[in-house]
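Given below as C-alpha cells:
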C-alpha cells in the first residue's frame with residue numbers, strides 16, 4: 027500500500043504491494059534494479075506479520091490436530107486463525123518481495139492474498155458473533171445438526187466472498203495502467219477500496235447490533251438466575267457488568283483497530299502522503315495479533331491442550347467439557 031516512489035518526502039518511501047512503478051503505465055525497470063532504501067514502516071509491518079503468523083499458527087495446529095475441537099465454535103475460531111495466519115504470511119511476503127524480488131505480477135499476488143486474508147478475518151469475526159448470538163437466542167436448539175450445517179454454510183460464504191475480493195486485482199481490476207484511478211493502497215483501484223470499506227462498515231454495523239442484543243440477553247439471563255437462586259443484587263450487578271465489559275472489549279478492540287483505516291480509505295486519495303496510510307494500516311494489523319488472545323487463548327479447552335503440549339504429555343483423546351460459544 028501507499029506507493030509514492032522510493033523517495034517519498036513524508037517518510038513513507040516504499041510503496042505498499044506495488045512493484046516499483048514509474049509514473050507511466052509500464053514498469054520502471056530502473057527503479058526495479060536500483061537498491062531500495064529500507065523503510066521503517068515496512069519493517070514494522072513485517073514484524074507485525076511475524077508475530078501474527080506465530081500466534082495463529084499455534085491456534086491452527088491445536089484445533090486441526092485435536093479431534094475434540096470439531097464443534098462449530100472451534101471451526102469458526104479455526105477459520106479466524108487461518109485468515110489471520112495468511113494475513114501475517116502476506117505481510118512477510120510483501121516485505122520480502124518488495125526488497126528482494128520486486129515485480130508487478132508478484133505484487134498483484136501479494137495484494138490478492140492480503141485482501142483475501144483480511145476480508146476473511148473480518149468476516150470470520152462476524153460469523154463468530156452470529157454464532158454467539160444464536161447460542162444464546164436459541165439455546166435449546168443450538169446443539170443440533172442444523173447448527174453444524176449453518177456453520178459450514180457461513181464458512182463457505184465467508185471464504186468464497188473473500189477469495190472473490192482477492193482475485194479482483196489479479197484478474198485486472200488494478201491501477202497499474204492508469205495511476206489516476208489508484209487508491210491509497212496501490213495497486214488497488216479507488217472503487218475497489220471503497221467497496222471493501224463499505225463492506226467493513228456493514229459488517230461492523232451488524233456486529234454492533236448483535237452485541238447489543240447479546241448484552242440484553244446476558245442481562246436478562248443474569249437477572250433470572252439471581253432471582254431463582256436468591257442471589258444478592260450486588261452479585262447480579264457484578265455478573266452483568268463482567269459480561270458487558272467482555273463484549274465491550276471485543277467490539278472496542280475491533281473498532282479501534284480497523285475504523286481509522288476504513289475511514290481513511292474512503293476519505294484519502296492516492297496523492298496523499300504514504301505516511302498517513304502506514305499510520306492507519308499498522309493498527310489494523312494489530313487486530314489479527316489480538317484475535318488469538320481474545321478468541322482462542324482465553325478458551326479453557328485450548329489452554330488445557332497448550333499446557334499439556336508444554337508439559338510433554340499431550341493426548342489428542344483427552345476429555346473436554348462441552349461449552350457454549352458465549353463462554354469462549
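Numbering (this note's numbering), first residue to last: 27 to 354. Backbone N, C-alpha and C define an ideal beta-carbon position, used for all residues, glycine too. These figures come from a predicted structure and were not determined experimentally.
Residues bridged to residue i [DSSP beta-bridge criterion]
{"i": "residue 215", "result": "208"}
{"i": "residue 358", "result": "As shown, the chain starts at 27 and ends at 354. That puts residue 358 outside it, with no answer to give."}
Distance between beta carbons of residue j and residue i, contact taken as under 8 Å
{"i": "residue 70", "j": "residue 307", "result": "Not confirmed; about 10 Å, so no contact."}
{"i": "residue 215", "j": "residue 207", "result": "5 Å"}
{"i": "residue 104", "j": "residue 86", "result": "6 Å"}
{"i": "residue 288", "j": "residue 227", "result": "7 Å"}
{"i": "residue 113", "j": "residue 314", "result": "5 Å"}
{"i": "residue 192", "j": "residue 141", "result": "4 Å"}
Close-in-space but distant-in-sequence residues of the same chain around residue i (CB under 6 Å, 5 per side omitted)
{"i": "residue 82", "result": "107, 110, 111, 318"}
{"i": "residue 270", "result": "241"}
{"i": "residue 167", "result": "none"}
{"i": "residue 291", "result": "219, 223"}
{"i": "residue 201", "result": "207, 208, 213, 215"}
Check: residue i C-beta below 6 Å from any heavy atom of the ligand SAM
{"i": "residue 288", "result": "Absence of the ligand SAM from the depicted structure is noted, as is the absence of any ligand whatsoever, leaving it without description."}
Close-in-space but distant-in-sequence residues of the same chain around residue i (CB under 7 Å, 5 per side omitted)
{"i": "residue 346", "result": "Low confidence applies here, because residue 346 scores a pLDDT of 48, under 50, leaving its location unreliable and the question unanswered by this model."}
{"i": "residue 335", "result": "none"}
{"i": "residue 366", "result": "Outside the shown range of the chain, which is 27 to 354, sits residue 366, and nothing can be said about it."}
{"i": "residue 9", "result": "The displayed coordinates of the chain run from 27 to 354. Any statement about residue 9 would go beyond what the structure contains."}
Nonlocal neighbours in the same chain, by C-beta distance under 8 Å from residue i, ignoring five residues either side
{"i": "residue 281", "result": "230"}
Unbroken stretches of the beta strand (DSSP E), 3 residues or longer, contained in the segment 262-343: none
Three Cβ pairs or more, each shorter than 8 Å: is that satisfied between the segment 161-181 and the segment 127-137? no
Indicate whether the contact test is met: 3 or more Cβ pairs, each with one atom in the segment 230-241 and one in the segment 271-286, closer than 8 Å. yes
Uninterrupted alpha helix (DSSP H) stretches inside the segment 70-125 (no shorter than 4 residues): none
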